[in-house]
Amino acid sequence: MDNDLILGQFEEIEQKVDRLIGVCKTLETQKIELADKVANLEATLQQKVEEEKRLEAEKTLIRSKIDSLLARLEDITESSS
0 MDNDLILGQF
10 EEIEQKVDRL
20 IGVCKTLETQ
30 KIELADKVAN
40 LEATLQQKVE
50 EEKRLEAEKT
60 LIRSKIDSLL
70 ARLEDITESS
80 S
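According to numbering that gives the first Met the number 0, the stretch in the sequence shown is residues 0 to 80, in order.
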């Protein structure tokens, strides 16, 4: 009877260990998936930051050209007066 009890306890422990191993594997898979997602999000963020810088430089260039054109127009109107 004691052997049956001990064997039953070992089977129970084995089942718990198997479940724990399954949980660990699931968590490891989730960890890898989340790390990939973080890497993708960081890459997307970097692209957006670079795009924002490019657009800001373009905006500055356009503003500079407009200011230059306005100054030329102002010179023309002053010289024709």
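Backbone N, C-alpha and C define an ideal beta-carbon position, used for all residues, glycine too.
Where residue i sits in the DSSP three-state scheme
| i | result |
| --- | --- |
| Ser63 | helix |
| Ser78 | helix |
Cβ shell of residue i (< 8 angstroms), same chain only, five flanking positions each side left out
| i | result |
| --- | --- |
| Glu89 | Past the edges of the chain, shown from 0 to 80, lies residue 89, and the structure says nothing about it. |
Same chain, Cβ closer than 6 angstroms to residue i, neighbours up to 5 away in sequence not counted
| i | result |
| --- | --- |
| Ile75 | none |
| Leu19 | none |
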